[in-house]
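Trainee: In mature numbering (1 follows the signal peptide of the UniProt record, and there is no 0), the protein residues as written are -29 to -1, 1 to 302. Okay, here's the structure, questions in a sec.
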Ligand code: GTR
């Protein structure tokens, strides 16, 4: 009995003194963990690594970010949750899988909402972009800058896609967002939401006939080894964020916040430059490997079929109609 009490007391003393030690230590280096879906060498990876290095240098080690590549810390929807609750400190997220969590960002997943990549940049770098950043902040994600993600096009193992009729019956992987299911179904295909990391094997085994992505991802994921037809539908132009977990952000001094913000903007400028060159290189690699790339002459035919996707979205989200119009009219 006596022994137990003694032990309890000791344990209690140890806990209290450990807490005192933690409280009295000078500010600890923040070992930030960053999620990245891409492999080394990918434009986003290079920019994230530059961000990590810039932050570590300029804060003199008060913040030490480390980037974990290839989605080793979880798939994208999972990583978004982990960043929201502060289990991860920063990440580069595509706004596609963000839709189910931050409803406003679904506007960015409407097919053909942007007329070009320049249009997307103009919108995201301006007042409208700030509205998306505000919506993300409400869900504890601090978006400090926007990365490029090019335009996504359809690819598959069966045939070149020239008209919507060519999509008929194809099993197409989409990112985790119901809007993409609507989009593929409106074209007559069968949509399968699936984690990025599972797509390669599914294309190989015939579980999928196709998927859709930009050149750098089509190439770096090796999907081009399985799907030899890449058709330039360019149906989605989706921005990506460099996002910080609110908890990690708020733990910073104002000076360190400024440094992190500046480095995030620098990283996005770097990423956008690397993106142009990376897309060109990836295109060359897939062409050399024998992928057949085709232009889609009549994109309007695809766009017209998206009318019910827009109508359904606006019906479910009447408050976002004005944002949809603002983007479309900003061109
Ligand atoms: C890439 C994007 C990733 C991920 C992936 C996918 O283009 O950069 O964040 O969303 O597409 O298709 O899942």
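Idealized CB from N, CA, C, for every residue including glycine. Computed from a prediction, not measured in an experiment: that's the story for all the values here.
Do residue 6 and residue 54 have their C-beta atoms closer together than 8 Å?
Mentor: A contact, by the Cβ cut-off of 8 Å.
Trainee: Which partner residues of residue 117 appear in the DSSP bridge assignment?
Mentor: Looking at the DSSP assignment, residue 117 forms a beta bridge with 212.
Trainee: DSSP on residue 164, reduced to helix/strand/coil?
Mentor: Note: residue 164 maps to strand in three-state DSSP.
Trainee: Apart from the five residues on each side of it in sequence, which residues of its chain come closer than 8 Å, Cβ to Cβ, to residue 10?
Mentor: 16, 40, 41, 191, listed in sequence order.
Trainee: Within the same chain, show all residues whose beta-carbon is closer than 8 Å to that of residue 106, passing over the 5 residues directly before and after it, in chain order.
Mentor: Hits under 8 Å: 73, 74, 75, 76.
Trainee: For residue 242, count neighbouring Cβ atoms within 10 angstroms of its own Cβ and tell me buried if that reaches 16, exposed if not.
Mentor: It counts as buried.
Trainee: Relative to ligand 1, is the shortest distance from any of its heavy atoms to the C-beta of residue 167 smaller than 7 Å?
Mentor: Yes.
Trainee: If you follow the alpha helix (DSSP H) that residue 35 is part of, which residue opens it and which one closes it?
Mentor: No alpha helix (DSSP H) contains residue 35, which is instead part of the beta strand (DSSP E) from 34 to 39.
Trainee: Have a look at the DSSP bridge pairing and note the partners of residue 202.
Mentor: Answer is 125, 265, bridged to residue 202.
Trainee: I need the straight-line Cα distance from residue 255 to residue 299, nearest angstrom please.
Mentor: About 32 Å.
Trainee: Given 7 Å as the limit, tell me if residue 185 has its C-beta closer than that to any heavy atom belonging to ligand 1.
Mentor: Answer for residue 185: yes, Cβ within range of ligand 1.
Trainee: Can you list the alpha helix (DSSP H) stretches of 4 or more residues lying completely in the region 132 to 161, in chain order?
Mentor: Whole alpha helix (DSSP H) segments, 4+ residues: 149 to 157.
Trainee: Cβ of residue 205 versus every heavy atom of ligand 1: is any distance shorter than 7 Å?
Mentor: For ligand 1, not one heavy atom lies less than 7 Å from the Cβ of residue 205.
Trainee: Counting pairs of Cβ atoms below 8 Å between the region 205 to 222 and the region 50 to 69, do you hit three or more?
Mentor: Yes, the region 205 to 222 touches the region 50 to 69.
Trainee: Per DSSP, residue 226 is paired with what?
Mentor: None, per the DSSP bridge assignment.
Trainee: Can you tell me which of 136, 139, 143 puts its alpha carbon nearest to the alpha carbon of residue 124?
Mentor: Of 136, 139, 143, the residue nearest in Cα terms is 143.
Trainee: Counting pairs of beta carbons, one from the region 25 to 39 and one from the region 266 to 277, are three or more of them closer than 8 Å?
Mentor: Touching, no.
Trainee: Taking 7 Å as the cut-off, is the beta-carbon of residue 211 closer than that to any non-hydrogen atom of ligand 1?
Mentor: Checking the Cβ of residue 211 against ligand 1 gives yes.
Trainee: Should residue 134 be labelled buried (16 or more other beta-carbon atoms within 10 Å of its own) or exposed?
Mentor: Residue 134 is exposed by the Cβ-count criterion.
Trainee: Do residue 67 and ligand 1 come close, with the Cβ less than 7 Å from some heavy atom?
Mentor: Within the cutoff, so yes.
Trainee: How many angstroms separate the CA atom of residue 292 from the CA atom of residue 30?
Mentor: Between residue 292 and residue 30, the C-alpha separation is close to 42 Å.
Trainee: Cα-Cα, which of 163, 112, 238 is closest to residue 58?
Mentor: Nearest of 163, 112, 238 to residue 58, Cα basis: 112.
Trainee: Between the Cα of residue 120 and the Cα atoms of 64, 157, 25, 1, which residue gives the shortest distance?
Mentor: Selected option, being the one with the closest Cα: 64.
Trainee: Taking only the alpha-carbon atoms, compute the straight-line gap between residue 131 and residue 32 and give it to the nearest angstrom.
Mentor: So the alpha carbons of these two residues sit roughly 52 Å apart.
Trainee: Below 8 Å CB to CB, which residues in the same chain sit around residue 138 once its five sequence neighbours on both sides are set aside?
Mentor: Closer than 8 Å at Cβ, skipping near neighbours: 125, 132, 155, 158, 159, 160.
Trainee: Bridge partners of residue 322, per DSSP?
Mentor: Any answer about residue 322 is impossible in this case: the structure gives the chain only from -29 up to 302.
Trainee: By DSSP, does residue 25 sit in helix, in strand, or in coil?
Mentor: Three-state DSSP puts residue 25 in a helix.
Trainee: Is it the case that the Cβ atoms of residue 150 and residue 262 are separated by a distance below 8 Å?
Mentor: No. Outside cutoff.
Trainee: Any heavy atom of ligand 1 within a distance shorter than 7 Å of the CB on residue 47?
Mentor: Residue 47: yes, Cβ under 7 Å from ligand 1.
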